[in-house]
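Trainee:
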Amino acid sequence: MSLDDIYHAVLNFEEDEIESLTRQQLDSGTNAKTILDEALIEALDEVGQCFSEGTMFVPEMLMAAETMKLGVEVLRPLLMGEKSDDKGTAVIASVQGDMHDIGKNLVAMMLEGSGFNIIDLGVDVDTDTILVAVHEHGAEFVLLSALLTTTMLAMKKTVLSLKEKAPELKVVVGGAPVNQEFADAIGADGYCDDAPAAVTLMRALVTA
Ligand code: B12
Numbered sequence: 398m399s400l401d402d403i404y405h406a407v408l409n410f411e412e413d414e415i416e417s418l419t420r421q422q423l424d425s426g427t428n429a430k431t432i433l434d435e436a437l438i439e440a441l442d443e444v445g446q447c448f449s450e451g452t453m454f455v456p457e458m459l460m461a462a463e464t465m466k467l468g469v470e471v472l473r474p475l476l477m478g479e480k481s482d483d484k485g486t487a488v489i490a491s492v493q494g495d496m497h498d499i500g501k502n503l504v505a506m507m508l509e510g511s512g513f514n515i516i517d518l519g520v521d522v523d524t525d526t527i528l529v530a531v532h533e534h535g536a537e538f539v540l541l542s543a544l545l546t547t548t549m550l551a552m553k554k555t556v557l558s559l560k561e562k563a564p565e566l567k568v569v570v571g572g573a574p575v576n577q578e579f580a581d582a583i584g585a586d587g588y589c590d591d592a593p594a595a596v597t598l599m600r601a602l603v604t605a
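In the numbering used here, the protein residues as written are 398 to 605.
(1) Please confirm whether Q493 and D523 have their CB atoms less than 8 Å apart.
(2) Does any heavy atom of the ligand B12 sit closer than 7 Å to the C-beta of A595?
(3) Contact defined as beta carbons within less than 8 Å: I believe T555 pairs with P574. What is the distance between those atoms, to the nearest angstrom?
(4) Taking 8 Å as the threshold (C-beta atoms), are V488 and I527 in contact?
(5) Could you say which of G510, V504 and G519 lies nearest to A592 if we only look at CA atoms?
(6) Sorry if obvious, but does the Cβ on A462 come closer than 7 Å to a heavy atom of the ligand B12?
(7) List the residues that DSSP assigns as beta-bridge partners of Y588.
(8) Quick one: is the Cβ of I438 within less than 7 Å of any heavy atom of the ligand B12?
(9) So what does DSSP say about S481, is it helix, strand or coil?
(10) Do D401 and L418 have their CB atoms nearer than 8 Å?
(11) Short check: CB of G468 to CB of E411, under 8 Å?
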């Protein structure tokens, strides 16, 4: 039993095995973050590589993602940690046209664990829906995720529109194709390349 078994379970879409494998790995003393980074996420990176090479297709990518998510559910309580003091409300969404949600969900989970009230609007979310949620919940922060180079354009439009209509909002962006330079260019207040970094940044924004 090793991280390799979890990695291969994702690659082979072993939905029936993944939860028990993840539990066994935790029981053997491996830290949740290690299982996430070195087995579950690494497997999806390999899936992405296979997709690029034409040896895996969308249905396989989807099955691998569903398998991976079952593993994440086992880790969820450990990744969230003890819920801490209220740090404010944040709306989170994958931008319009983008159906990827695993990274967004991890960011949401860790922020919730660190004390933020998270309003998760899901995937393929347009700006108006975000603005309605911001007003309804009195959110101070919006977090946007984009996994496609094509949806980075929707991210840009959303940030520009949010900044125009609700200038007091702090907007943080992320997702594999996004970087600091892009975040600066579109006027976002912050960018992070992973979920733990998002917690650190959001804590800093609370006190800023
Ligand atoms: C799983 C997957 C899918 C699944 C998604 C299922 C789901 N529920 O999410 C499905 C099958 C639906 C899918 C569909 C498509 N996909 Co896809 N997909 C992937 C894959 C393999 C993994 C993505 C993932 O979840 N990674 C794991 C998570 C944890 O990583 P992450 O999202 O990057 O998140 C981390 C950070 O980026 C950051 N982060 C993420 N969001 C945010 C937000 C904030 C605010 C912050 C601070 C941080 C942050 O923190 C996260 C955790 O640490 C990637 C390949 C890859 N290696 O990324 C391709 C990939 C993203 N997909 C790709 C493509 C092309 C597609 C399709 C267009 C395929 C098609 N022809 O239909 C469609 C598009 C659908 C759409 N409209 O969105 C390309 C994108 C190429 C590009 N640069 O544009 C990739 C890179 C594959 C490839 N190598 O070509 N996909």
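By construction, the Cβ of each residue, glycine as well, lies at the ideal position given by its N, Cα and C atoms.
Mentor: Answer, in terms of the structure:
(1) The residue labelled residue 493 in the question sits at position 96 within the sequence shown. The residue labelled residue 523 in the question sits at position 126 within the sequence shown. Yes; because the gap between Cβ atoms is below 8 Å, this pair is in contact.
(2) Here residue 595 refers to the residue found at position 198 when the sequence shown is read from its first residue. Answer for A595: yes, Cβ within range of the ligand B12.
(3) Locating residue 555 in the sequence shown gives position 158, where the first residue counts as 1. Locating residue 574 in the sequence shown gives position 177, where the first residue counts as 1. T555 to P574, Cβ: 15 Å. No contact.
(4) Looking up residue 527 in the sequence shown gives position 130. Looking up residue 488 in the sequence shown gives position 91. Yes, the pair counts as a contact, with Cβ atoms nearer than the cut-off.
(5) Translated into the one-based positions of the sequence shown, residue 592 becomes position 195. The candidate whose alpha carbon is nearest that of A592 is V504.
(6) Here residue 462 refers to the residue found at position 65 of the sequence shown. Relative to the ligand B12, the beta carbon of A462 is positioned inside 7 Å of a heavy atom.
(7) For this step, residue 588 is matched to residue 191 along the sequence shown. V570.
(8) Walking along the sequence shown from the start, residue 438 turns up at place 41. Answer for I438: yes, Cβ within range of the ligand B12.
(9) Within the sequence shown, residue 481 is the residue found at index 84, counting from 1. Looking at S481 - three-state DSSP - the assignment turns out to be coil, as it is neither helix nor strand.
(10) To locate residue 401, count along the sequence shown from 1; it is residue 4. To locate residue 418, count along the sequence shown from 1; it is residue 21. Against a cut-off of 8 Å, the Cβ pair of L418 and D401 comes out as no contact.
(11) To locate residue 468, count along the sequence shown from 1; it is residue 71. To locate residue 411, count along the sequence shown from 1; it is residue 14. Here G468 is not near E411, since their CB atoms are 8 Å or more apart.
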